[in-house]
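Enquirer: What follows is a structure written as structure tokens; I'll ask about it next.
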Amino acid sequence: MLKIIFDNLGEYKKYALLSPFFVLLEVLMNAAIPFFMTKIIDEGILKNSSENIIHYGLILFVLAGISLATGIISGYMATKASSGLAKNMRYSMFQNITNFSFENMDKFKRGTLITRMTTDVQMVQMAFQMTIRMAIRSPLTLIFCFIMSFKLSRELAPTFVIIIPLIALGMGYIIKGAYPIFERVFKITDKLNTDVSENLSAIRVVKSFVKEDKEIKKFDHISDDLKNNYIKASKLLALSNPLMNFSTYLMTILIAWLGSHFIVAGNMSTGALTGLVTYAIQIQISLLMLSMILVQITIARNSIRRINEVIETKPSIISPENSVKAVKDGEIIFDHVNFSYSGDLEKSVLKNINLKINSGDYVGIIGPTGSGKSTLISLIARLFDTTSGNVIVAGENVKNYDLVSLRDEVSVVLQKNQLFTGTLRENLKWANENLSDDDLKEALYIASCDDFIDVEKDLDMMVQRGGANFSGGQRQRISIARSLLKNPKILIMDDSTSALDNKTEEKIIASLNNLRPDMTKILISQKIKSLKNTDYTLVMDLGEIESIGKHAELIEKSPIYREINETQESDGDFDAKK
């Protein structure tokens with residue numbers, strides 16, 4: 002628990018160390034103030050000495066001023082340190098998340114990652130801020146107040162010890178009951194965030210199926226569950242204030258009752274009794290603060306564990322030491338490749354794939370849904386590692402490459418590529434920040450974006466979240482342009498022309514062949530017309546390559562290809578005989 006805090010404090014450690022120092026000065030001043038108040042009463046007011054009243058009054062004024070200044074400084078230092086810790090924790094989590102493989106991402110739902118980077122970090126920030134101030138101030142106040150109380154009255158000071166077991170038992174009961182409740186609260190919050198995130202991203206599906214009422218009921222159920230658990234926790238935590246008030250009044254009554262007897266007997270001064278009552282109140286306040294801190298730490302302990310899970314998760318795919326930095330060409334070899342998402346070869350998605358794609362080839366891939374097409378191309382950019390066998394790019398096993406270097410040279414255009422809020426220029430420059438406007442315009446022309454964008458004028462046009470101000474086909478063309486700007490050795494289009502008409506698709510492919518003939522191009526498509534001009538097409542079925550060949554060859558030897566062709570021909574998609 003402490004290790005993750007120290008590891009993430011970084012440059013803010015000095016503030017975390019300075020804050021307790023100023024807290025110590027503040028506590029010393031606060032502990033000294035009641036003592037000098039007794040002096041004013043006993044040696045000033047009761048003796049009617051204006052000189053002593055002024056003398057001790059000035060001392061009190063100075064002590065109060067120092068207490069105020071050190072309190073402000075310690076508060077500033079604690080805020081600086083806790084805010085810096087929160088910033089560094091978020092950075093550590095986000096940095097590690099961006100390095101996660103898809104396998105790692107599958108272990109964490111999107112909602113839980115959002116909760117951990119927001120709510121959990123806030124809990125830790127609050128607990129840390131209270132800890133380096135109050136968790137130090139409260140014990141110091143207890144110690145110094147006890148010392149000063151013994152200095153005023155050795156007979157009455159032990160009375161303070163009576164209520165400590167009462168408070169300890171009460172707070173132990175509260176904390177023991179609250180911890181599992183807050184553990185459930187965070188899990189429910191994860192579920193709530195996941196549900197909201199899924200609904201917002203799939204709002205069109207929800208509306209098209211008219212399931213708003215169902216989703217509202219599901220959300221209401223989760224929200225009620227969260228509310229009920231918070232109420233349970235609040236009921237327990239609410240016991241702390243009555244407990245503290247009871248102990249405060251009990252101690253005050255005991256001191257007043259016993260003290261009055263000592264005053265009558267002449268064994269204690271009025272000022273000393275006043276000072277003891279003040280110290281009793283300070284001790285109670287410090288115990289109340291300490292109990293609040295213990296509750297906060299109890300909550301934060303759960304949050305730290307959840308944060309640590311994200312930070313300590315090791316990416317399953319990393320660059321090796323002495324990795325290869327340069328990808329020489331676009332040659333791809335699959336050598337006895339098997340792949341299973343579970344790691345169990347009995348449940349392989351790809352089975353014994355043997356294939357060689359020469360650099361510059363234009364390759365098509367077709368097959369039924371679930372035949373392993375997208376999985377196959379994912380292995381090229383090492384988005385997953387093979388379960389057995391090797392994928393070799395440009396003569397090197399992909400596991401030997403630096404991941405950044407490999408993925409810079411393998412550009413994948415998905416069917417539903419993500420566009421980001423900002424300008425069109427900013428979206429295109431995801432490929433390379435140093436690209437010129439001429440480079441951007443050329444890519445837009447190749448991807449046939451000039452049909453709906455004034456390429457010469459609209460580079461600074463705004464792109465709404467997710468590219469909502471463009472149609473599906475327009476988003477696909479912008480995504481193709483962005484991928485081309487990486488100038489990759491291998492371009493993979495995973496059904497990324499599905500929303501394009503045949504004429505636009507042919508225009509894009511023709512431009513690619515003319516301008517980038519040395520680029521290896523792989524097109525996954527369910528449209529025969531899109532594939533008939535490839536150098537050759539792979540037909541996949543049940544994780545295996547069923548056939549390889551050109552259009553005419555596959556019509557003859559591949560039942561799957563022939564069936565797809567006949568279906569599309571009968572639907573009037575195109576004339577396969579042409």
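One gets my numbering by counting positions in the sequence shown from 1 and adding 1 to each. Using N, Cα and C, we set each Cβ at its ideal position, and we do this for glycine too.
1. Looking only at DSSP bridge pairs, what is Lys357 linked to?
2. State the Cα-Cα distance for the pair Ile204 and Phe22, rounded to the nearest angstrom.
3. May I ask you to check if the CB of His337 is nearer than 7 Å to at least one heavy atom of the ligand COA?
4. Pick out whichever of Lys528, Leu25, Lys40 and Gly260 has its Cα sitting closest to the Cα of Thr568.
5. Quick check on Ile378: buried or exposed, where buried means 16 or more other Cβ atoms within 10 Å of its Cβ?
6. Could you give the residue range of the beta strand (DSSP E) that holds Asp542?
7. Taking the Cβ atom as the reference point for each residue, do Val296 and Leu238 lie within a distance shorter than 8 Å?
8. In whole angstroms, what separates the C-alpha of Glu216 from that of Asn200?
9. Do Ile381 and Leu532 have their C-beta atoms within less than 8 Å of each other?
10. Hey, how far is the Cα of Ile67 from the Cα of Arg307?
11. Beta-carbon within less than 8 Å of His337's beta-carbon, same chain only, minus the 5 sequence neighbours each way: which residues are those?
12. Buried or exposed: which applies to Arg155, given that a residue is buried once 16 or more other Cβ atoms fall within 10 Å of its Cβ?
13. Using only the alpha-carbon positions, how far apart do Ile46 and Ser270 sit?
14. Would you decide whether Val174 is buried or exposed? Buried here means 16 or more other CB atoms lie within 10 Å of its CB.
15. Would you mind giving the Cβ-Cβ distance between Arg111 and Thr195, rounded to the nearest angstrom? I have them listed as a contact below 8 Å.
16. Check the C-beta distance from Leu407 over to Val328 and give it rounded, since I have them as a contact under 8 Å.
17. Could you tell me which residues DSSP pairs with Leu346 in its beta bridges?
18. Kindly list the residues whose CB is nearer than 8 Å to the CB of Ala257, restricted to its own chain and excluding five residues on each side of it in sequence; keep chain order.
19. Return the Cβ separation of Leu404 and Ser320 in integer angstroms, given the expectation that the two are a contact with Cβ distance under 8 Å.
20. Buried or exposed: Ser343, going by 16 or more other Cβ atoms within 10 Å of its Cβ?
21. Buried or exposed, going by whether 16 or more other CB atoms sit within 10 Å of the CB of Phe36?
22. In the structure shown, what three-state DSSP assignment does Lys522 receive?
23. Should Tyr280 and Met149 be called a contact, given that it needs their Cβ atoms to be closer than 8 Å?
24. How big is the Cα-Cα spacing for Ala395 and Ala301?
25. Going by beta carbon distance, what residues of the same chain come within less than 8 Å of Asp576, once the five residues before and after it are set aside?
Expert: Quick answer:
1. Sequence index remark: in the sequence shown, residue 357 carries index 356 (1-based). BP columns for Lys357 point to Ile334.
2. For this step, residue 204 is matched to residue 203 along the sequence shown. For this step, residue 22 is matched to residue 21 along the sequence shown. Answer to the nearest angstrom: the Cα atoms are 53 Å apart.
3. For the ligand COA, the structure offers nothing, since it holds no ligand at all.
4. As a working mapping, residue 568 is identified with position 567 in the sequence shown. Nearest C-alpha to Thr568: Lys528.
5. Residue mapping note: residue 378 aligns to position 377 of the sequence shown, counting from 1. Ile378 comes out buried.
6. Along the sequence shown, one-based indexing puts residue 542 at 541. In the DSSP annotation of this structure, the continuous segment of the beta strand (DSSP E) that includes Asp542 starts and ends at Tyr537 to Asp542.
7. Taking the sequence shown and counting its residues from 1, the one referred to as residue 296 is at position 295. Taking the sequence shown and counting its residues from 1, the one referred to as residue 238 is at position 237. In this structure, Leu238 lies closer than 8 Å to Val296 by Cβ.
8. The count along the sequence shown starts at 1 and reaches residue 216 at position 215. The count along the sequence shown starts at 1 and reaches residue 200 at position 199. Rounded to whole angstroms, Glu216 to Asn200 spans 8 Å at the Cα level.
9. For the purposes of this step, residue 381 is identified with residue 380 of the sequence shown, where counting begins at 1. For the purposes of this step, residue 532 is identified with residue 531 of the sequence shown, where counting begins at 1. The answer is no: Cβ separation not under 8 Å.
10. The residue given as residue 67 occupies position 66 in the sequence shown. The residue given as residue 307 occupies position 306 in the sequence shown. Distance between the alpha carbons of Ile67 and Arg307 is about 40 Å.
11. One-based indexing of the sequence shown puts residue 337 at position 336. Excluding sequence neighbours, His337 sits near Asn353, Ile354, Asn355, Ser389, Gly390 and Asn391.
12. In the sequence shown, the residue the question calls residue 155 occupies position 154. Per the 10 Å Cβ criterion, exposed.
13. The residue labelled residue 46 in the question sits at position 45 within the sequence shown. The residue labelled residue 270 in the question sits at position 269 within the sequence shown. Going from the Cα of Ile46 to the Cα of Ser270 covers about 12 Å.
14. Counting from one through the sequence shown, the residue named residue 174 turns up at place 173. Per the sequence presented here, residue 174 reads as Tyr, with Val not at that position. Classification for Tyr174: exposed.
15. Working through the sequence shown from its first residue, we reach residue 111 at position 110. Working through the sequence shown from its first residue, we reach residue 195 at position 194. Contact holds; Cβ gap of about 6 Å.
16. Translated into positions along the sequence shown, residue 407 becomes position 406. Translated into positions along the sequence shown, residue 328 becomes position 327. Yes, they are in contact, since the Cβ atoms of Leu407 and Val328 sit about 6 Å apart, within 8 Å.
17. Stepping through the sequence shown from its first residue, residue 346 is reached at position 345. Leu346 pairs with nothing; no bridge assigned.
18. Numbered from its first residue, the sequence shown carries residue 257 at position 256. Closer than 8 Å at the Cβ level, and outside the excluded window around Ala257, lie Leu274 and Val278.
19. Here residue 404 refers to the residue found at position 403 of the sequence shown. Here residue 320 refers to the residue found at position 319 of the sequence shown. About 5 Å separates the two Cβ atoms, so the contact holds.
20. Sequence index remark: in the sequence shown, residue 343 carries index 342 (1-based). With fewer than 16 other Cβ atoms within 10 Å, it is exposed.
21. Position 35 of the sequence shown, counted from the start, is the residue given in the question as residue 36. By the neighbour-count rule (16 or more Cβ atoms within 10 Å), Phe36 is buried.
22. Indexing the sequence shown from 1 puts residue 522 at position 521. In this structure, Lys522 counts as strand in the three-state DSSP scheme.
23. For the purposes of this step, residue 280 is taken as the residue at position 279 of the sequence shown. For the purposes of this step, residue 149 is taken as the residue at position 148 of the sequence shown. Result yes, Cβ atoms of Tyr280 and Met149 sit closer than 8 Å.
24. Here residue 395 corresponds to residue number 394 of the sequence shown, with the count starting at 1. Here residue 301 corresponds to residue number 300 of the sequence shown, with the count starting at 1. Rounded to the nearest angstrom, the two C-alpha atoms are 50 Å apart.
25. Residue numbering aside, residue 576 sits at position 575 when the sequence shown is read from its first letter. Note that Asp576 has pLDDT 43, beneath the 50 cutoff, so the model's placement of it is unreliable and the number below is only indicative. Taken in chain order, the residues that qualify are Glu570.
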